[in-house]
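Chemist: FYI, numbering that gives the first Met the number 0 numbers position 8 of the sequence shown as 7, with every residue one higher than the one before it.
Every residue, glycine too, gets a C-beta built ideally from N, C-alpha and C.
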Amino acid sequence: MTTRDTDARSLDVQEIARLLRAEGEEMSHLLAEARRRRVALLGNKVFFRGIVEFSNLCTKNCHYCGIRRDNRDVERFTMGLDEILAAARWAHERNYGSVVLQSGERQDERFVDLVDQALRQIRDLSGGRLGVTLSVGEQEPAVYRRWFESGAHRYLLRIETSSPHLYARLHPCDHSFEDRVSCLHELRRIGYQVGTGVMIGLPGQTVEDLARDVDFFRRLDVDMLGMGPYVVHSGTPLGEGAGDGSLDRQRRLELALKMIAVCRLVLPDVNIASTTALQALHPRGREMGLQAGANVIMPIITPVVYRKSYQLYDGKPCLDEEPAQCQTCLEMRIRVAGDEVGWGEWGDSPHALRRG
Ligand code: 5AD
Ligand code: SF4
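The structure is reproduced here in structure tokens:
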């Protein structure tokens, strides 16, 4: 079997698992092949999505996450509407094509209104030119619809793992795998470009689980993928006393890069993010993601005062950098990877554009 085949799209789960097991030269070949496929299909443009982590309040209690409800060591914050708009204006003035508004999960009216106001006013301040992606968790269909009408056009909701069994082990019993899948279908029905993703290298996760994740993305017909390695947070039930041995970190990094590469081969025309968590495991992690077939980078544009309170995992990079420093640093990283920034473009995936 060669990954060069256009038929990589129809690889079965066993074949995908075989690719994910590639080591040494075989792995280098896989990553290079995915990179070639990305450049051939999408060119060497990388799109910026400025990410505003506007609130760390969360009603959920995922066992792996540093801002879970029961973590009392986190100073909770919610940015004001004016602060969110200032961040969006900053991104627009610097010609970022789009922003992502991300937060912990809440369903209360005040939160729903804040997001709605932010969407409407970002649309106004940018004359509709700044794309807006939401990443604020599971919501009622009516809320998803309201936000769509107010200007959000993309939504990121990671499934975290497509194994219902593993999902149940990673979450308290009031979290429902089926509900999360329903949300993804609802988002698609409403007309959002839909993104999902998983954490890679979770305790108890097998290569077959990851291969089935890729199959899940394919069956869901996603437009965007945001995946990253699982990174221990010592103040969580999953991370407590777990340690984070360096060999393990290297393996997790490699597995995450292989997942990006395999996804590029199986879903060639979707947007794939090179996520911040890659950089938590290796200083050049995000460049490595671009080299393995990713084509999106999400510079953090959250004001520095809030960054240390938005630590989903230990060792999150860029905690002291001002947004402008992040921009310069990421531009350099993109150039080093042999790419260029697609300034001022929404950067929709050809996959989403084909859907129309
Ligand atoms: N390691 C890596 N990613 C994490 N996330 C939450 N906690 C961790 C962790 N410990 C990811 C989840 C969530 C996204 C916002 O952050 O995948 O969807
Ligand atoms: Fe909340 Fe998301 Fe963290 Fe779960 S992963 S605790 S929903 S912020």
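Please give me, in chain order, every unbroken run of the alpha helix (DSSP H) with length at least 4 that falls completely inside the stretch 106-137.
Modeler: Runs of the alpha helix (DSSP H) inside the stretch 106-137: 108-124.
Chemist: For the candidate residues R75, L318, L256 and A117, whose alpha-carbon lies nearest to that of V303?
Modeler: Closest by alpha carbon: L318.
Chemist: When the Cα atoms are used, what is the spatial distance from D6 to I296?
Modeler: C-alpha separation (whole angstroms): 28 Å.
Chemist: Determine the DSSP secondary structure at D11, reduced to helix, strand or coil.
Modeler: Three-state DSSP puts D11 in coil, outside helix and strand.
Chemist: Out of curiosity, what's the CA-to-CA distance linking S287 and G196?
Modeler: Note that residue 287 is Met in the sequence shown, not Ser. Their Cα atoms are separated by approximately 18 Å.
Chemist: Can you tell me whether M258 is buried or exposed? The criterion is at least 16 other CB atoms within 10 Å of its CB, across all chains shown.
Modeler: Buried is the call here.
Chemist: Assign V231 to one of three DSSP states: helix, strand, or coil.
Modeler: Note: V231 maps to coil in three-state DSSP.
Chemist: According to DSSP, is E52 helix, strand or coil?
Modeler: In the structure shown, E52 sits in a strand (DSSP, three-state: E or B).
Chemist: Using the Cα positions of V231 and H152, report the straight-line distance between them to the nearest angstrom.
Modeler: For V231 and H152, the distance between alpha carbons rounds to 32 Å.
Chemist: Would you say L237 and P202 are within 8 Å of each other, going by their C-beta atoms?
Modeler: A contact, by the Cβ cut-off of 8 Å.
Chemist: What is the chain-ordered set of residues for which the beta carbon lies under 7 Å from any non-hydrogen atom of the ligand SF4?
Modeler: Going along the chain, the residues that qualify are C57, K59, N60, C61, C64, I66, R67, R68, G103, E104, G136 and L311.
Chemist: Would you kindly report the start and end of the unbroken beta strand (DSSP E) that includes T160?
Modeler: Segment: none, T160 is in no beta strand (DSSP E) and carries neither H nor E.
Chemist: What are the uninterrupted segments assigned as alpha helix (DSSP H) that are 4 or more residues long and contained completely in the stretch 58-94, given in chain order?
Modeler: The stretch 58-94 contains these whole alpha helix (DSSP H) runs: 80-92.
Chemist: For N55, is the classification buried or exposed, using 16 other Cβ atoms within 10 angstroms of its Cβ as the cut-off for buried?
Modeler: Buried: at least 16 other Cβ atoms inside 10 Å.
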